[in-house]
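Contents: one structure, followed by commentary.
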Amino acid sequence: MKRRSGFTLIELLVVIAIIAILAAILFPVFARARENARKASCMSNVKQLAIGVTMYLQDYDETFFPRFHGTIDAMGVRWYPVSSQPTYFLEPYVKNDKVFKCPSISLNWATCYGYNVNLGPSVTLSRVEQVSDLVVLGDDQFGSGWYYPPSWGKASFGANFCNKPGTLAENIQWGVNAPYGRHSEGVNIAFADGHAKWIKPEKLWNGGANNPYYQQW
3 MKRRSGFTLI ELLVVIAIIA ILAAILFPVF ARARENARKA SCMSNVKQLA
53 IGVTMYLQDY DETFFPRFHG TIDAMGVRWY PVSSQPTYFL EPYVKNDKVF
103 KCPSISLNWA TCYGYNVNLG PSVTLSRVEQ VSDLVVLGDD QFGSGWYYPP
153 SWGKASFGAN FCNKPGTLAE NIQWGVNAPY GRHSEGVNIA FADGHAKWIK
203 PEKLWNGGAN NPYYQQW
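Residue numbers (our numbering): 3 to 219.
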């Protein structure tokens, strides 16, 4: 009897179908694994920046740095340098500028993290009622270095890093994709006591400007 060589068409189709099924199962797993790695890298960045904030507070009598820097011209227009707020004030306290870049988005800005717009030289650590609840910085929507309560309205300049769906800045960064909740539909944020964690953006929407995450004095 003549031995058969190779596969029949049906056998090939079965093999292809099995490969397709395995790919459909494994690709999402690999995608989640990659995002979890990016999420962990981003969390490491946020924690390092939180340490930088703590070191800054120690050097400046527990006073928070300004929410913006720059100059105002004769027309009343504020001009900002290329480096955004967290970058400008925290650079002396970090070893690597890469900590200002979230690995999940490809921004060309100085930072991917926003600084609480309610903070500034008028706010000292002693004024904060619960330092473990007050957000200092976290994932930024536009990469401009700010974030503020959603009750302030739609973002024009500056950024709410966790904009509620339907607002101007929901899924854009002036042409660069930077969706809110970019880490498994959540954001990495750092608090005034130096700790950092991942939370759902919805927790930052509730209560508007009275949300304790934004202001506690």
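Idealized CB from N, CA, C, for every residue including glycine. None of these values were measured; they are calculated from a predicted model.
Arg34 and Pro105: beta carbons closer than 9 Å?
No, the Cβ-Cβ distance between Arg34 and Pro105 is not below 9 Å.
For a quick check, are the C-beta atoms of Asn135 and Gly116 less than 9 Å apart?
What sits at residue 135 in the sequence shown is Asp, not Asn. No. Outside cutoff.
Can you tell me whether Lys202 is buried or exposed, with buried defined as 16 or more other CB within 10 angstroms of its CB?
Around the C-beta of Lys202, fewer than 16 other C-beta atoms lie within 10 Å, and the residue is accordingly described as exposed.
Write down the C-beta distance between Val48 and Ala192 rounded to the nearest angstrom, noting that I regard them as a contact closer than 8 Å.
Beta-carbon to beta-carbon, Val48 and Ala192 are separated by about 5 Å, close enough to satisfy the 8 Å threshold.
Who are the Cβ neighbours of Thr126 in its own chain at under 6 Å, not counting the five residues just before and after it?
These residues qualify, in order along the chain: Glu64, Thr65.
Do you know how far the Cα of Gln132 is from the Cα of Ser85?
For Ser85, the predicted structure reports a pLDDT of 43, less than 50, and the residue's modelled location is therefore unreliable. The matter cannot be settled from this model.
Compare the Cα-Cα distances from Pro123 to each of Ala194, Tyr62, Lys103 and report the closest residue.
The shortest C-alpha separation from Pro123 is found at Tyr62.
Tell me the rounded alpha-carbon separation between Ile107 and Leu15.
Roughly 39 Å separates the two Cα atoms.
For His185: DSSP bridge partner residues
Gly188, per the DSSP bridge assignment.
Please list the segments of the beta strand (DSSP E) lying wholly inside the segment 119 to 145, counting only runs of 3 or more residues, in order along the chain.
As summarised for the segment 119 to 145, the continuous beta strand (DSSP E) elements at least 3 residues long and confined to that stretch are 137 to 141, given in chain order.
Taking the C-alpha atoms as reference points, what is the distance between Leu11 and Asn38?
Rounded to whole angstroms, the separation of the alpha carbons of Asn38 and Leu11 is 40 Å.
Quickly, what does DSSP pair Tyr62 with across the bridge? List them, please.
Tyr62 pairs with nothing; no bridge assigned.
Close beta carbons around Leu59, own chain, < 8 Å, minus the five adjacent residues each side
Excluding residues within five positions, the ones whose Cβ falls inside 8 Å are Thr65, Phe66, Leu127.
Do Ala52 and Val138 have their C-beta atoms within less than 9 Å of each other?
Closer than 9 Å, so yes.
Report buried or exposed for Arg184, applying the criterion of at least 16 other Cβ atoms within 10 angstroms of its Cβ.
Buried, because 16 or more other Cβ atoms sit within 10 Å of the Cβ of Arg184.
So the beta strand (DSSP E) Lys199 belongs to, where does it begin and stop?
Segment 198 to 201, the beta strand (DSSP E) holding Lys199.
Among the candidates Met45, Ala25, Ile20, whose CA atom is the shortest distance from the CA of Ser186?
Out of Met45, Ala25, Ile20, Met45 has the C-alpha closest to the C-alpha of Ser186.
For Ala76, which residues of its own chain have a beta-carbon under 8 Å away from its beta-carbon, when the five flanking residues on both sides are left out?
Interpretation of Ala76 is limited by its pLDDT of 46, a score under 50 that renders its predicted location unreliable; no figure is taken from the coordinates.
For Phe91, collect the residues of the same chain with a Cβ closer than 7 Å to its Cβ; drop the 5 residues on either side in sequence, then sort them by chain order.
Result list for Phe91: Tyr58, Phe67, in chain order.
Do you know how far the Cα of Tyr95 is from the Cα of Asp195?
Taking the straight line from one Cα to the other gives about 16 Å.
Could you name the residues of the same chain whose beta carbon sits closer than 6 Å to that of Trp200, not counting the 5 residues immediately before and after it, in chain order?
The residues Gly188, Asn190, in chain order, have a CB closer than 6 Å to that of Trp200 in the same chain once the five nearest residues on each side in sequence are set aside.
Quick one: residues in its chain with C-beta nearer than 6 Å to the C-beta of Asn55, no 5 flanking neighbours on either side, listed in chain order?
Sequence check: residue 55 is Val here, not Asn. So the list reads Val138, once near-sequence residues are dropped.
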